[in-house]
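Worksheet: one structure, shown below.
Number of protein chains: 2
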Amino acid sequence: MDIADHKEAFSKHVYALQEEICKELKRIDPSIVITEDNWKREDFKGNEGGGGRTRAITGKFIENAGVNCSTIYGELDPKFASSLNTGSTEIWATGISLIIHPYNPKCPTVHANFRLIQSGEKFWLGGGADLTPYYPYENDFVDFHNTWAKACEPYGVYNDFKKTCDEYFVNYHRDDEMRGIGGIFFDHFNSGDFDKDVEMSISISKAFIASYFPILERRLNEAYNEADEDFQLHRRGRYVEFNLLHDRGTIFGLKTKGRTSSILISLPGRCKFTYEYAPVPGSPHEKMMAYYRPKDWLGKL
Amino acid sequence: MDIADHKEAFSKHVYALQEEICKELKRIDPSIVITEDNWKREDFKGNEGGGGRTRAITGKFIENAGVNCSTIYGELDPKFASSLNTGSTEIWATGISLIIHPYNPKCPTVHANFRLIQSGEKFWLGGGADLTPYYPYENDFVDFHNTWAKACEPYGVYNDFKKTCDEYFVNYHRDDEMRGIGGIFFDHFNSGDFDKDVEMSISISKAFIASYFPILERRLNEAYNEADEDFQLHRRGRYVEFNLLHDRGTIFGLKTKGRTSSILISLPGRCKFTYEYAPVPGSPHEKMMAYYRPKDWLGKL
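If you read the sequences in order, they're chains R and W. Plus 141 on top of the position in the first sequence (first one is 1) and you've got our numbering. Plus 141 on top of the position in the second sequence (first one is 1) and you've got our numbering.
Printed below as a string of structure tokens:
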């Protein structure tokens with residue numbers, strides 16, 4: 142396949158994955174309402190620059206979710222283009238980006254994205270998925286990592302991608318606390334064999350449904366108390382801190398005049414900030430705090 | 142007075158102002174609990190680097206407030222120092238920074254800070270105060286601006302400082318919405334007459350109590366409904382966006398390894414984010430939205 146075919150195939154794939162994920166969400170929470178916004182953008186020179194399909198979701202169990210696709214292209218702001226260091230001022234990018242914030246604090250928040258980018262002669266892939274739980278259900282964390290490890294196995298990339306994830310989703314200003322319990326993450330990926338890389342990205346991305354929805358389903362109706370919710374809201378506060386202070390995707394999106402509503406759909410519905418917040422000693426929440434650190438969830442790293 | 146005397150006088154002043162503001166808060170909400178943290182810091186080379194007195198406040202009427210002072214000095218990270226462009230790698234800075242988030246959405250949030258900074262041969266002053274109301278009580282906004290205009294009058298700086306404020310507290314990623322209704326702001330201020338500049342900063346800062354507490358007091362017991370609170374929580378979400386994405390003070394503080402808890406004390410207790418949030422057409426909240434734009438509150442600019 143040549144590059145043009147890969148671009149088309151990848152774009153087709155992410156839009157199909159969006160459809161599939163929304164269907165699965167609807168199956169688990171039939172009350173959800175999906176607001177779909179199809180948007181177009183102009184490039185830096187005012188020419189047609191592609192667009193996207195944003196789906197904002199709320200329901201009885203889902204406080205807020207965003208499952209977004211886009212395919213954008215055209216001229217970049219030259220200042221920003223030079224920071225990409227590709228020798229070109231043009232870009233072509235397609236991808237899916239999603240976030241799910243359930244109400245129940247026993248259900249983890251999940252984020253994933255998969256993208257293909259071309260600028261000048263350079264092509265690369267990026268993406269991954271990471272879990273942000275609020276309750277110390279260790280078997281959920283093992284299941285999540287296991288699913289991604291299995292998806293990565295044919296390509297021998299789990300250990301690398303897991304490490305990159307542990308190093309990326311970190312609130313460096315909060316004593317190096319991670320946003321959650323990690324997952325996998327890769328960026329600027331190009332092994333030299335683009336056919337293989339695209340096949341790998343598509344294949345790995347298909348693990349999303351198996352990695353998250355079984356966990357969501359089994360926790361959806363669990364009882365929780367005020368302390369569970371208070372902890373969740375404070376951790377969501379840390380989620381906001383990460384996304385606005387450190388997340389390259391968010392800052393890239395806002396700096397390139399992306400669609401603000403679609404980018405900041407990642408923020409949680411409700412959240413809380415308290416000076417020197419700390420969970421009650423001896424509580425499950427205090428136990429959970431210790432898990433926001435790099436950890437070998439498969440016992441075989 | 143020589144520079145050393147000015148530094149000492151300014152530092153003494155901000156610590157006294159902290160005391161006075163906390164006393165006033167206690168008078169208005171006698172239920173408040175003040176958590177005081179006296180902290181020390183090391184400079185970039187690990188030498189003694191000053192410290193501060195953080196006061197975190199909550200009460201029946203005050204959801205969260207921070208009234209913080211610090212005096213810090215010593216070596217900077219050379220990378221950061223070069224961005225200051227003072228020809229020196231050393232800094233000396235003292236100041237007060239405060240934020241008050243009341244529960245009642247009829248009471249505005251307020252922020253203020255006043256600081257004196259020296260690096261090498263350069264000295265400058267900075268600071269200001271801005272109001273973030275959630276209900277269209279226009280007379281409150283006029284009163285706030287009037288108080289600051291009066292304080293600035295002897296120095297002829299209100300128009301300049303008001304404009305700088307209108308241009309600074311802006312969420313550029315949200316269609317240039319302001320965080321609130323402005324106030325005054327100045328930065329890197331040095332007119333060449335440092336005696337006069339210090340006298341001006343101290344004199345202006347003394348207007349804080351008159352600018353805010355009468356408004357707080359008259360709105361404290363007003364009734365409010367769920368829609369008022371929902372609007373407030375969403376605007377607080379925008380407050381978080383501004384502070385983490387755009388506020389130079391926050392980013393400066395975190396980049397120079399400042400005390401995270403003291404810096405992020407500015408974030409509101411509770412807040413909310415909703416995809417494409419908009420207030421109900423015809424509501425007071427929709428009316429309020431139109432005020433988050435530069436406006437001549439004194440009718441004489």
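Glycine residues also receive a C-beta, built at the ideal position from the N, C-alpha and C atoms.
Taking the Cα of Y276 (chain R) as reference, the smallest distance to any Cα among R:Y299, R:A431, R:N179, R:R315 is reached at R:A431. By the neighbour-count criterion, in which a residue is buried when 16 or more other Cβ atoms sit within 10 angstroms of its Cβ, D170 (chain R) is buried. Closer than 7 Å to the CB of R389 (chain R) there is not a single CB belonging to chain W.
In the DSSP secondary-structure assignment, D271 (chain W) is bridged to W:H252, W:G324. Bounds of the alpha helix (DSSP H) holding K428 (chain R) are 425-430. In the three-state scheme derived from DSSP, where H, G and I count as helix and E and B as strand, F330 (chain R) is classed as strand. Not flagged as an interface residue toward chain W: L217 (chain R), since no C-beta distance is shorter than 7 Å.
For Y214 (chain W), the enclosing beta strand (DSSP E) stretches over residues 203-216. The beta strand (DSSP E) runs lying completely inside the segment 313-395 of chain W and spanning 3 residues or more are 324-330, given in chain order. The beta carbons of G297 (chain R) and S342 (chain R) sit about 15 Å from each other, so the pair does not count as a contact at 8 Å.
Close CB contacts of H387 (chain W) within its chain, under the 8 Å cut and outside five residues either way in sequence, are with V311, N312, Y313 (chain order).
Judged by DSSP in its simplified three-state form, K436 (chain R) adopts coil rather than helix or strand.
Sequence-distant Cβ neighbours of I345 (chain R) in its own chain, meaning closer than 7 Å and more than five residues away, are A292, C293. W265 (chain R) and W180 (chain R) have their C-alpha atoms some 25 Å from each other. Each residue's CA atom was taken as its position, placing K428 (chain R) and A419 (chain R) some 11 Å apart.
For the C-beta of K167 (chain W), not a single chain R residue is nearer than 8 Å; the gap to the nearest is close to 17 Å.
Inclusion of F282 (chain W) and W438 (chain W) in the CB contact set at 7 Å is warranted, their separation being smaller than that value. For K181 (chain R), the enclosing beta strand (DSSP E) starts and ends at 174-183. Two segments are said to touch when three or more pairs of C-beta atoms, one from each, lie closer than 8 Å; by this definition the segment 351-364 of chain R touches the segment 236-251 of chain R. Among the residues facing chain W, K413 (chain R) is included, as its CB has a counterpart in that chain under 7 Å away. Residue environment for E382 (chain R): buried (at least 16 other C-beta atoms within 10 angstroms of its C-beta).
Here D334 (chain W) is exposed: its Cβ has fewer than 16 other Cβ atoms, across all protein chains shown, within 10 Å. DSSP places S229 (chain W) in the coil class of the three-state scheme, outside both helix and strand. Under the three-state reduction of DSSP output, L239 (chain R) falls in the strand class. Not a single CB atom of chain R sits nearer than 7 Å to the CB of H426 (chain W). Near chain W, meaning a CB-to-CB distance below 7 Å, the residues of the segment 367-401 of chain R are V381, E382, L385, L386, L395, T401.
Distances from the CA of D316 (chain W) to each of W:R379, W:A290, W:N205, W:F285 were compared; the closest alpha carbon is that of W:R379. Counting along the chain, no alpha helix (DSSP H) covers R400 (chain R), and no H or E run does either.
For T305 (chain W), the enclosing alpha helix (DSSP H) has its first and last residue at 299-309. Proximity to K201 (chain R) across R:S172, R:F372, R:S211 peaks at R:S172, based on C-alpha coordinates.
The beta carbon of D338 (chain R) is closer than 7 Å to those of L266, F330, N331, S332 in its chain, skipping five residues each way along the sequence. Proximity of I406 (chain R) to chain W, defined by a Cβ-Cβ separation below 7 Å, is satisfied.
Interface annotation, A351 (chain R): not in contact with chain W, CB-CB separation never under 7 Å. By the neighbour-count criterion, in which 16 or more other beta carbons inside 10 Å mark a residue as buried, P422 (chain W) falls on the exposed side.
For A419 (chain W), the three-state secondary structure derived from DSSP is coil. Cβ neighbours of R400 (chain R) within its own chain (closer than 6 Å, five residues either side excluded): W180.
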